[in-house]
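Trainee: Mapping of the sequence shown onto our numbering: residues 5 to 337, in sequence order. Positions of the beta carbon are idealized from the N, C-alpha and C atoms, including for glycine.
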Amino acid sequence: MDSLTQIVLGAAVGEAVLGKKVGNKAMLYGAIAGTIPDLDTIWGKFLDPLTAIEIHRGISHSIIFSIVMAPILGWLVAQLHKKAQAGWKDWSWLFFWGLVTHPLLDAHTTWGTQLFWPLDLRLAYQNIFVIDPLYTLPFLIFLILAMRLPKASRKRRKWNNLGLIISSAYMVLTLVFKGISYQKFTEALANEKIEYTQIDTRPAAFNTILWHANIDVGDAYLLGDYSFFDSQPISFKYVPKDPQLLGDLRNSETIERLDKISNGWYAIEKRDGDLYYNDLRFGVYDLDAKDLRFVFSYQLIPAGDDLKIQEAERDPEAMKQVLKSLWSRIWGN
5 MDSLTQIVLG AAVGEAVLGK KVGNKAMLYG AIAGTIPDLD TIWGKFLDPL
55 TAIEIHRGIS HSIIFSIVMA PILGWLVAQL HKKAQAGWKD WSWLFFWGLV
105 THPLLDAHTT WGTQLFWPLD LRLAYQNIFV IDPLYTLPFL IFLILAMRLP
155 KASRKRRKWN NLGLIISSAY MVLTLVFKGI SYQKFTEALA NEKIEYTQID
205 TRPAAFNTIL WHANIDVGDA YLLGDYSFFD SQPISFKYVP KDPQLLGDLR
255 NSETIERLDK ISNGWYAIEK RDGDLYYNDL RFGVYDLDAK DLRFVFSYQL
305 IPAGDDLKIQ EAERDPEAMK QVLKSLWSRI WGN
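(1) Just mark I198 as buried or exposed, buried being the case when its beta carbon has 16 or more other beta carbons within 10 Å.
(2) Write down every uninterrupted run of the beta strand (DSSP E) in the region 184 to 237 whose length is 3 residues or greater and which is fully enclosed by it, in chain order.
(3) I'd like the list of long-range same chain contacts for Y129, defined as Cβ closer than 7 Å, with 5 residues on each side in sequence excluded.
(4) Contact defined as beta carbons within less than 8 Å: I believe G62 pairs with W115. What is the distance between those atoms, to the nearest angstrom?
(5) Check K274 in the structure and name its three-state DSSP category.
(6) Assuming H106 and Q10 make a contact with CB atoms under 8 Å, what is their CB distance in whole Å?
(7) What did DSSP end up calling Q314 once you bin it into helix, strand or coil?
(8) Please say whether A194 and I238 have beta carbons closer to each other than 9 Å?
(9) For my contact list, V12 and L98 are in at a C-beta cut-off of 8 Å; report their separation, rounded to the angstrom.
(10) To which residues of the same chain is G91 closer than 8 Å at the C-beta, ignoring the five residues directly before and after it?
(11) Taking D358 as the reference, which of F300, L32, A316, Y200 has the closest Cα?
(12) Looking at the structure shown, is P122 part of a helix, part of a strand, or coil, going by DSSP?
(13) Tell me whether the beta-carbon of I363 lies closer than 9 Å to the beta-carbon of G48.
(14) Go ahead and pull the three-state DSSP assignment for A90.
(15) Mapping DSSP to helix, strand and coil, what is I67?
(16) Round the Cβ separation of G14 and A37 to the nearest angstrom and send it over; I've been treating them as touching at under 8 Å.
(17) Do you know how far the Cα of E273 is from the Cα of I219?
(18) Taking just the CA atoms, how far does S172 sit from K245?
(19) Give the C-beta separation of L311 and S256 to the nearest angstrom, bearing in mind that I take them to be a contact with Cβ-Cβ under 8 Å.
(20) Excluding five sequence neighbours on each side, which residues of the same chain lie with their C-beta closer than 6 Å to the C-beta of T258?
(21) Would I132 and A209 be called neighbours here (beta carbons separated by less than 9 Å)?
(22) Is L166 helix, strand or coil by DSSP?
(23) Where does F240 fall in DSSP's three states?
(24) Out of G228, I59, A322, point me to the one whose CA is closest to K241's CA.
(25) Does the Cβ-Cβ distance between Y186 and T212 come in under 9 Å?
(26) What is the residue span of the beta strand (DSSP E) that S301 lies within?
(27) Strictly by DSSP, which residues pair up with V180?
(28) Who does N282 pair with in a DSSP beta bridge?
(29) For T201 and L51, what's the separation of their Cα atoms in angstroms?
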């Protein structure tokens, strides 16, 4: 999830764990703990693009990282606040929950997390977009209401707990929405007598009313979307996989690493004489556009017997149009 959401979650968890003893300090350090796992994006800036992608939401988003870092950070903070009504164990417990709830939340997004690192397993439930105002804003409001009250106030704990309960309830609701949308997509495929091997669904940007689906039909994919306000049948866009465009580089190390990142959901595209690797898990900017442009697309640059990658540039003006189209599409067709 986005940084603000993780800060809010971390602060609320910190308050729930230690707010009664140390007041707003619990929110402060909870917010810091909720931010720490995403520092892997800073490390990634010093690495090549492919390695930076691979390490994102890796070890720093694991249970092991939370277990190891919590007592270290807890000890440091305990030294800073020796007069506080909390000891090393109290602060360590706060940091553990602040750190571990970060990847638990991220596991609900499309990118997912390696929660059980070093096991080669990435959890990605794909039931919420990385930025969802309906999840974050109510949560933030209750947190602000709580922090304005004395640490011993029962109403303070009530506001904070209410924020945690409502945000969690919304998360459960998104799983229900995902199940309903999945059923709608499979019904549409059955009605058109389309045979497929896999189907992958996820919410569109900033909401859980509009849902996208990728359907593997062998040598190609079908892409579709569904809004709960739709009155027309679901239609699908055809996207060929075209791995043959890679030629002898199909088995190169770079392609194998990209395949692992995309979990096999990719298509090769030749555009203006250059090859691009499109990661389908994050969809396209505008499914109704004549020329589909994928959110995560990497230019493949020959480098001897292997390839280098460069993320395709995004057009700011095109993004504005995409947001307008998204708002319109949410309300149905």
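Mentor: Quick look at the numbers:
(1) By the 10 Å Cβ count, I198 comes out exposed.
(2) 202 to 207, 214 to 220, 224 to 231
(3) A111, H112
(4) Not quite, the Cβ-Cβ distance comes to about 11 Å (not below 8 Å), so this is no contact.
(5) strand
(6) With 8 Å as the limit, H106 and Q10 qualify as a contact, their Cβ atoms being about 5 Å apart.
(7) strand
(8) no
(9) Rounded, the Cβ-Cβ distance is 16 Å, inconsistent with contact.
(10) A82
(11) Residue 358 cannot be examined here, being either before or after the span of the chain that is shown, 5 to 337.
(12) Coil at P122, not helix or strand.
(13) As displayed, the chain neither begins before 5 nor continues past 337, which places residue 363 out of reach and without an answer.
(14) The answer is coil: DSSP assigns A90 none of H, G, I, E or B.
(15) helix
(16) 5 Å
(17) 18 Å
(18) 38 Å
(19) 6 Å
(20) D310, L311
(21) Their beta carbons are not under 9 Å apart, which means I132 does not touch A209 by this criterion.
(22) helix
(23) strand
(24) G228
(25) no
(26) First-last of the beta strand (DSSP E) with S301: 298 to 307.
(27) Paired residues: none, contrary to the question.
(28) A271, S301
(29) 36 Å
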